[in-house]
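Numbering (UniProt numbering), first residue to last: 1 to 155.
Structure below.
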């Protein structure tokens, strides 16, 4: 659904504008192609970026901002949902982890620590699953060996 057109750039900018962010294109030495002034709600993009660079920068930036979902139009809400879901998929985080992030934000925990704790929980679950697989695998090997030993002992 990501299109590298100026119309798509306009749609991405509309999300920011509907959330009371000001988008400015300036020249400067931006390592990542953008600069954010949180207190003034200003997003400064490198004006030398081509359309593809602008799209990629905005797609990367929008999910990181504090966007008031209720202020967005229906089309902007759909696009915002798409962007946030894609970001979570890129990070390898499942939807229930997104719920954990939301819950953590409500309790005052930062989004980064919520992602870290969710990643740790996922890693712990994977480790436990691997241990269980190993244990069941060892039990199966023992049960496979037992009949052979019995047959060999009787013959």
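Backbone N, C-alpha and C define an ideal beta-carbon position, used for all residues, glycine too.
request  = Can you give me the Cβ contacts of residue 67 inside the same chain, cut-off strictly under 6 Å, excluding the 5 residues immediately before and after it?
outcome  = 19
inquiry  = Quick test of your reading: residue 34 and residue 72, contact by CB under 8 Å. State the CB separation rounded to the nearest angstrom.
reply    = Going by Cβ atoms, the distance from residue 34 to residue 72 rounds to 20 Å, so no, they are not a contact pair.
inquiry  = Going by C-alpha to C-alpha distance, which of 13, 54 and 83 sits closest to residue 4?
reply    = 54
request  = Evaluate residue 45 with the Cβ neighbour count: other Cβ atoms within 10 Å of its Cβ, from every protein chain shown; 16 or more gives buried, anything less gives exposed.
outcome  = buried
key: Counted within 10 angstroms of its Cβ, other Cβ atoms place residue 48 as buried (16 or more) or exposed   = exposed
task = Could you have a look at residue 45 and say whether DSSP puts it in helix, strand or coil?
result = strand
ask   = When the Cα atoms are used, what is the spatial distance from residue 94 to residue 42?
value = Its pLDDT being 46, under 50, residue 94 is placed unreliably in this model, and the value from its coordinates should be taken loosely. Their backbone Cα atoms lie some 31 Å apart in a straight line.
Residue 27 to residue 63 span [Cα, whole Å] = 24 Å
query = Which residue comes first and which comes last in the alpha helix (DSSP H) that contains residue 37?
reply = Looking at the DSSP string, residue 37 is not in any alpha helix (DSSP H); the run it does join, the beta strand (DSSP E), is 34–37.
query = Nearest-angstrom Cα distance between residue 40 and residue 81?
reply = 25 Å
task = Please report how far the alpha carbon of residue 17 lies from the alpha carbon of residue 30, in whole angstroms.
result = 21 Å
query = CA-CA distance, residue 15 and residue 77?
reply = 8 Å
message = Starting from residue 24, trace the beta strand (DSSP E) in both directions and tell me its first and last residue.
response = 22–26
task = Just the C-alpha distance for residue 79 and residue 21, rounded to the nearest angstrom, thanks.
result = 17 Å
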